[in-house]
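Colleague:
Number of protein chains: 2
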Amino acid sequence: MPNGAQALMKTLADAGIEVCFTNPGTSEMHFVAALDDEPRMRAVLALFEGVATGAADGYARMAGKPAATLLHLGCGLGNGLANLHNARKGKVPVLNIVGDHATHHAPLDAQLQSDIETVARNVSPGFVRTSLRTDRLCRDAVDAITAARGLPGQVATLILPADVSWGEGGVPEPPPPPPTPAAADAATVAAVADVLRSGGRTALLLGGQALREPALLAAAKLAAHCDVRLLAEVFPTRLERGAGLPAVERIAYLAELASVQLAEFDHLVLVDAKSPVSFFAYPGKPSQLVPAGCTVHTFAAASEDAVASLEALVAALDADSATPLLAAPSRPGRPRGRLTAAKVCKALGHRLPERAILIDEAITSGLTLPMLTAGAPRHDLITLTGGAIGQALPNAIGAAIACPDRPVIALVGDGSAMYTIQSLWTMAREQLDVTTIVFNNARYSVLNVELERVGAERIGPKARAQLDLDGPRLDFCRLAQGQGVHAVRADSAEAFLKALDYALAQPGPHLIEAVVPEALGGAKRRILPWLLRALPQLPKPLALALKRRLAP
Amino acid sequence: MPNGAQALMKTLADAGIEVCFTNPGTSEMHFVAALDDEPRMRAVLALFEGVATGAADGYARMAGKPAATLLHLGCGLGNGLANLHNARKGKVPVLNIVGDHATHHAPLDAQLQSDIETVARNVSPGFVRTSLRTDRLCRDAVDAITAARGLPGQVATLILPADVSWGEGGVPEPPPPPPTPAAADAATVAAVADVLRSGGRTALLLGGQALREPALLAAAKLAAHCDVRLLAEVFPTRLERGAGLPAVERIAYLAELASVQLAEFDHLVLVDAKSPVSFFAYPGKPSQLVPAGCTVHTFAAASEDAVASLEALVAALDADSATPLLAAPSRPGRPRGRLTAAKVCKALGHRLPERAILIDEAITSGLTLPMLTAGAPRHDLITLTGGAIGQALPNAIGAAIACPDRPVIALVGDGSAMYTIQSLWTMAREQLDVTTIVFNNARYSVLNVELERVGAERIGPKARAQLDLDGPRLDFCRLAQGQGVHAVRADSAEAFLKALDYALAQPGPHLIEAVVPEALGGAKRRILPWLLRALPQLPKPLALALKRRLAP
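These protein sequence lines are chains A and V, in that order. Everything in the first sequence is counted per my numbering, starting at 3 for the first residue and increasing by one. Everything in the second sequence is counted per my numbering, starting at 3 for the first residue and increasing by one.
1) Note down, in chain order, each residue of its chain lying with its Cβ closer than 7 angstroms to the Cβ of V:Ala195, except the 5 sequence neighbours on either side.
2) Starting from the Cα of V:Leu213, find the closest Cα among V:Arg90, V:Asn397, V:Ala344, V:His381 and give me that residue.
3) In chain order, what residues of the region 489-506 of chain V put their CB closer than 8 angstroms to some CB of chain A?
4) Along the alpha helix (DSSP H) that carries A:Ala318, what are the first and last residues, could you check?
5) For a test of the three-state rule: what should DSSP assign to V:Ala516, helix, strand or coil?
6) Would you verify that the beta carbon of A:Ala80 is, or is not, closer than 9 angstroms to some beta carbon of chain V?
7) Rounded to whole angstroms, what's the CA-CA distance from A:Ala104 to V:Asp407? Just pull it up for me.
8) For the region 65-79 of chain A, enumerate the residues whose C-beta is nearer than 7 angstroms to any C-beta of chain V, in chain order.
9) In the DSSP assignment, find the alpha helix (DSSP H) that holds A:Val144 and state where it starts and stops.
10) Quick one: which residues of the region 119-141 of chain A get their C-beta closer than 8 angstroms to a C-beta of chain V? List them in chain order.
11) Going by other Cβ atoms of all chains shown within 10 Å of its Cβ, with 16 needed for buried, is V:Gly377 buried or exposed?
12) Taking all protein chains shown into account, do 16 or more other C-beta atoms lie within 10 angstroms of the C-beta of A:Gln508, making it buried, or fewer, making it exposed?
13) If we define contact as Cβ-Cβ less than 9 angstroms, is A:Ala430 a contact residue for chain V?
14) List the residues of chain V whose Cβ lies closer than 7 angstroms to the Cβ of A:Leu47, in chain order.
15) Given a limit of 7 angstroms on CB to CB distance, which residues of the region 28-41 of chain A reach chain V?
16) Considering only the alpha carbon of each residue, which of A:Leu153, A:Ala349, A:Val34 lies closest to A:Ala492?
17) Span of the beta strand (DSSP E) holding A:Leu72?
18) So, does the CB of V:Ser261 fall closer than 9 angstroms to a CB anywhere in chain A?
19) Which residue or residues does DSSP assign as beta-bridge partners of A:Gln290?
20) Kindly say whether A:Tyr421, judged by its beta-carbon, lies nearer than 9 angstroms to any beta-carbon of chain V.
21) Taking a cut of 8 angstroms between CB atoms, which residues from the region 157-171 of chain V lie near chain A?
22) If you draw a straight line from the alpha carbon of V:Ala304 to that of V:Gln433, how long is it in whole angstroms?
23) Span of the alpha helix (DSSP H) holding V:Pro396?
24) Quick check on this structure: which residue in A:Pro26, A:Leu413, A:Ser311 has the alpha carbon closest to the alpha carbon of A:Ala70?
25) Counting only runs that start and end within the region 222-284 of chain A, where is the alpha helix (DSSP H) found for 4 or more residues in a row?
26) Should A:Arg527 go down as buried or exposed, given a rule of 16 or more other Cβ atoms within 10 Å for buried?
27) Contact criterion: CB-CB distance below 9 angstroms. Does A:Pro577 meet it with respect to chain V?
28) Leaving out five residues before and five after V:Leu499 in sequence, what residues of the same chain have Cβ atoms less than 8 angstroms from its Cβ?
29) Taking buried to mean at least 16 other C-beta atoms within 10 Å of its own C-beta, is V:Gly209 buried or exposed?
30) Would V:Asn88 and V:Asp117 qualify as a contact pair, given that the criterion is a beta-carbon distance under 9 angstroms?
31) Can you tell me the Cα-Cα spacing of A:Gly18 and V:Thr13, whole angstroms?
32) Would you say V:Arg528 faces chain A, with C-beta separation under 9 angstroms as the test?
33) Hey, is the region 167-181 of chain A in contact with the region 263-277 of chain A, meaning 3+ C-beta pairs nearer than 8 angstroms?
34) Applying the criterion that 16 or more other CB atoms from any shown protein chain within 10 Å of the CB defines a buried residue, is A:His106 buried or exposed?
35) When the Cα atoms are used, what is the spatial distance from V:Phe281 to A:Ala404?
36) So, helix, strand or coil for A:Phe129, using DSSP?
Dropping the structure here:
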């Protein structure tokens, strides 16, 4: 008869959980030993738990099913919390297995004893359970898997005491049935169909599952048939885009831009998306971005089948024969001269390989990347769903393991990269085809913008130093080489293109340190002049609307 | 009238909180802006929250008063959790200031919204409060400071919504009075005096405050007068030791050794220490390390004044004129030849400068370092109180800022170093006199031991790979240089000594990568043969007792 860990391993594999991102300690040693009993389970070691959890997030976004994490008590879970937060906000299924002291050891308050469940509730509000008996462990695991891969997907946390793991008498369980979500009900379909027929200026705001190809095609038929606009939530979990797919305009990160984008609409129809709010609050500014006079309609909730809901709406409106507008193939020209963030994006648009997975956590690139890659070959875009920086590099690990035949490109700021810089080692160990592009501007650039936006008027040298990554300047090439990853620095567009070509052609991980000027530059970092300067890089309708609002 | 953040900054400085370890985001921008209003406040930027929290821990251990941390919502607190756990277990005062969304923004469930309080309870069970009004913010802060610096010291978490921070009408508060802990009561003193007079074999187990010089001297008088032994808890928060101070024998990390150490006693008297338990549970082995037949007496609880309690006991036993046994000055000779962990410890004993602060997180060095530095000039030893690895480098930052005139030496394993490797950047930015020694054996070496100890018999290649940091081998010199820290690799004792001399002589941070063979070496990593081989390096009484127990 298997021990708890062995039975658990079989139960996981039977349920299709075939990858475990690990950072184990002593209390997880029986789970570690059981890895060799289950040939279907791949274990990927991370040197920091935030790498393991972010990798599980990236894996699930691309594989469409959860991976497991293996974490060491409350402290290991704490280290993994930020990227689990990103998974939770992105409705991504993840199964955490958090080792704990043996049940008889816990009351002794040994050094590593802490209340794991309280930490777990932050990211796993829907499922936290400490498994207390070896013979019930696999049933607990199946409940956790069911919770994780329900609709919406969620982070489920199973706490595994060491004695439950090493105890004899584990009983493997058959896999849980797949979830069977319902579509929006007929009354909701009819009501939203009326909105779309009404002639009012209407946008569909697509999020979650509604940003994958089947939903996008249905939405694009509605857009063509009813003259409605397609918007995407600001930070998509996974957006399928590029030539041949319907184009959607993402809500801007900056509330100043987003409110311009939304100003024209009488109706906003939410499809697996939330009503848009600003990322942070700002003194004297509204947090709700939907203009007064615009009615918000929830069409498909996160627990509903968004594709089936959209297809029902297509049928109700007789829009099936409408021709969806698809992005035409187009690539920007080759950038030249001194490197800037916009030129990095242009180079990516110029060269993006077929079926790339693009992971964008770089605020530096946020404004221009979507436009410059809109007509590139179809690709997937993964973004920072929960706002907890340090997501891109771990996500890239998971995406590369889920899709070993696809190139993965991660874009990340210098500040963000440092939170989970240990990711590079795992990329090297697993020889993953990941190209990491670090924008090195020696700043928490976004915070220089934010310091203005929150209205902190007097900015002294101590405050400024909190946003400044100079002195010493980080050398990402050495940080990569120190972990076994090939790395090159580029400060011209030509050098960047050469490095990108090399990275995409050679197997294994590569890092390109893109040395770029600070996003806002100069001593006066006012946001309005900066937005005005950014206008030429924005989609034309947005740029025009902005110009009307902002020009002096 | 100041805004909330400005009033808070003055309140902190008035209460003697003069250092803030920061990793801020937008919601903390008003606190950041207020830094320049308070010349007494030093802000030290970290690139990862675990660095900030570990630095606050190290600072408080050496300064004897709390620093503040500045963290960004629930995810920032999560990233800082592991080192806050170490502080909590070490009874170290820390004041967390965790920025949150504005109170009106929180219900909108924006990207970074999460339940901060649930995370905070893991490390701040005694004080978590969200401050909801600007005019009461400073009163909340004073309550938090009072909680943090009480006896025992604790981690207090003050959650600061952005609008409470930016709101007008902050009211600075005067500092709270210092805590006035009581000594053990007369009956307890009398009872323990009877135990010490009884003639039974007795040990005083010293922990917490009882490992500082005044308590050690009182305890050493008792030891001399009553023929009792002095033991120290396994992981001291701060142990003052070296030539001229009483020597205490630390309880061993390995339960196998600890139970031998404790076997001879009829009475164990706890002085600000807990009854010893094994670090982890192991199948079929007891977690309680106190032998049957040994009576445990709690003398000074963590909330009591340990020094006053010990001095009352000295008085009750009329031991004041006893001559405490003090460690004689002695240094080991110069190590030679191929580098090993033991030779690194020998080199440290050979060279340890006056008033060094030694931070030891390296299990690799754990057995031999105490003996080889026992007669070195007096120094402070800081250890891994909560077992959450990644403590030493951040602790070194805090210790160096608390004691700028003292050399700080941090010893850390390769695996441990990677959790908070971003510490090196802060060391470089602040030009701290820290020498970091990384034992690079390309292993989670302790886990190779643990895999044996938990009785996982069949160890396959996948399991073994989870403990193995080879492929690629980490290059800590490049990791340091990439963050602006001077670094040297040493694989001989001669090279190590040269690097150590250079690091101690030159200002600013240095890293020495000590390339050492794996602690257990070879294919068969059985613990008993290893312990037998370690015998010559152990204190003689312990080695003899072990030999009796273990020898085949």
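Just so it is clear, CB atoms sit at the ideal spot from N, CA and C, and this is done for glycine as well.
Modeller: In terms of the structure at hand:
1) Position 193 of the second sequence holds residue 195 of chain V. Answer for V:Ala195: Leu315, Ala318, Leu319, listed in chain order.
2) By one-based count along the second sequence, residue 213 of chain V stands at place 211. Out of V:Arg90, V:Asn397, V:Ala344, V:His381, V:His381 has the C-alpha closest to the C-alpha of V:Leu213.
3) none
4) By one-based count along the first sequence, residue 318 of chain A stands at place 316. Note, A:Ala318: alpha helix (DSSP H), 308-318.
5) The sequence position of residue 516 of chain V within the second sequence is 514, counting from 1. When DSSP states are grouped into helix, strand and coil, V:Ala516 belongs to the strand group.
6) Translated into positions along the first sequence, residue 80 of chain A becomes position 78. Checking the displayed sequence, the identity of residue 80 of chain A turns out to be Gly instead of Ala. Taking Cβ atoms only, chain V reaches closer than 9 angstroms to A:Gly80, which makes this a yes.
7) Here residue 104 of chain A is taken as the residue at index 102 of the first sequence, counted from 1. Here residue 407 of chain V is taken as the residue at index 405 of the second sequence, counted from 1. About 45 angstroms.
8) From the region 65-79 of chain A, only Gly76, Cys77 have a Cβ closer than 7 angstroms to chain V.
9) Indexing the first sequence from 1 puts residue 144 of chain A at position 142. Run containing A:Val144: 139-150, per the alpha helix (DSSP H) assignment.
10) Thr120, Val121, Arg123, Asn124, Val125, Pro127
11) The residue labelled residue 377 of chain V in the question sits at position 375 within the second sequence. When all chains shown are included, V:Gly377 counts as buried.
12) Looking up residue 508 of chain A in the first sequence gives position 506. So A:Gln508 counts as exposed.
13) What you label residue 430 of chain A is simply residue 428 of the first sequence in a count that begins at 1. Yes, A:Ala430 lies at the interface with chain V (some Cβ there is under 9 angstroms from its Cβ).
14) Translated into positions along the first sequence, residue 47 of chain A becomes position 45. Under the 7 angstroms cutoff, chain V gives Ala467, Gln468.
15) Only Thr28, Ser29, Met31, His32, Val34, Ala35, Leu37, Asp38 from the region 28-41 of chain A bring a Cβ to less than 7 angstroms from some Cβ of chain V.
16) One-based indexing of the first sequence puts residue 492 of chain A at position 490. Selected option, being the one with the closest Cα: A:Ala349.
17) Sequence index remark: in the first sequence, residue 72 of chain A carries index 70 (1-based). 70-74 is the span of the beta strand (DSSP E), which, as asked, contains A:Leu72.
18) For the purposes of this step, residue 261 of chain V is taken as residue 259 along the second sequence, with counting starting at 1. Taking Cβ atoms only, chain A never reaches closer than 9 angstroms to V:Ser261, which makes this a no.
19) Taking the first sequence and counting its residues from 1, the one referred to as residue 290 of chain A is at position 288. Answer is A:Val279.
20) Counted from its first residue, the first sequence places residue 421 of chain A at position 419. Interface flag for A:Tyr421 against chain V is set, since a Cβ pair is found closer than 9 angstroms.
21) Ala164, Asp165, Trp168
22) Counting from one through the second sequence, the residue named residue 304 of chain V turns up at place 302. Counting from one through the second sequence, the residue named residue 433 of chain V turns up at place 431. Their Cα atoms are separated by approximately 36 angstroms.
23) Numbered from 1 along the second sequence, position 394 holds the residue referred to as residue 396 of chain V. Here the alpha helix (DSSP H) through V:Pro396 covers 394-404.
24) To locate residue 70 of chain A, count along the first sequence from 1; it is residue 68. Minimum Cα-Cα distance from A:Ala70 among the listed residues A:Pro26, A:Leu413, A:Ser311 corresponds to A:Pro26.
25) Complete alpha helix (DSSP H) runs here, min 4: 257-264.
26) Taking the first sequence and counting its residues from 1, one reaches residue 527 of chain A at position 525. Unreliable placement is indicated for A:Arg527, whose pLDDT of 42 sits below 50; the coordinate value is still reported in the next sentence. Burial of A:Arg527 is indicated by the presence of at least 16 other C-beta atoms within 10 angstroms of its C-beta.
27) In this structure chain A extends from 3 to 554, so residue 577 of chain A is not present and cannot be described.
28) The residue labelled residue 499 of chain V in the question sits at position 497 within the second sequence. Contacts found: Arg336, Pro337, Ala349, His352, Arg353.
29) Along the second sequence, one-based indexing puts residue 209 of chain V at 207. So V:Gly209 counts as buried.
30) Here the question's residue 88 of chain V lines up with position 86 in the second sequence. Here the question's residue 117 of chain V lines up with position 115 in the second sequence. Result no, Cβ atoms of V:Asn88 and V:Asp117 do not sit closer than 9 angstroms.
31) Taking the first residue of the first sequence as 1, we reach residue 18 of chain A at position 16. Taking the first residue of the second sequence as 1, we reach residue 13 of chain V at position 11. Between A:Gly18 and V:Thr13, the C-alpha separation is close to 55 angstroms.
32) Here residue 528 of chain V corresponds to residue number 526 of the second sequence, with the count starting at 1. Confidence at V:Arg528 is low in this model, with a pLDDT of 48, below 50, so the placement of that residue should be treated as unreliable; the coordinate-derived value is given next. Chain A, which has no Cβ nearer than 9 angstroms to the Cβ of V:Arg528, makes this no.
33) no
34) On the first sequence, residue 106 of chain A is found 104 positions in, with the first residue counted as 1. With fewer than 16 other Cβ atoms within 10 Å, it is exposed.
35) Position 279 of the second sequence, counting from 1, holds the residue named residue 281 of chain V. Position 402 of the first sequence, counting from 1, holds the residue named residue 404 of chain A. Cα to Cα, V:Phe281 sits roughly 37 angstroms from A:Ala404.
36) The residue given as residue 129 of chain A occupies position 127 in the first sequence. In this structure, A:Phe129 counts as coil in the three-state DSSP scheme.
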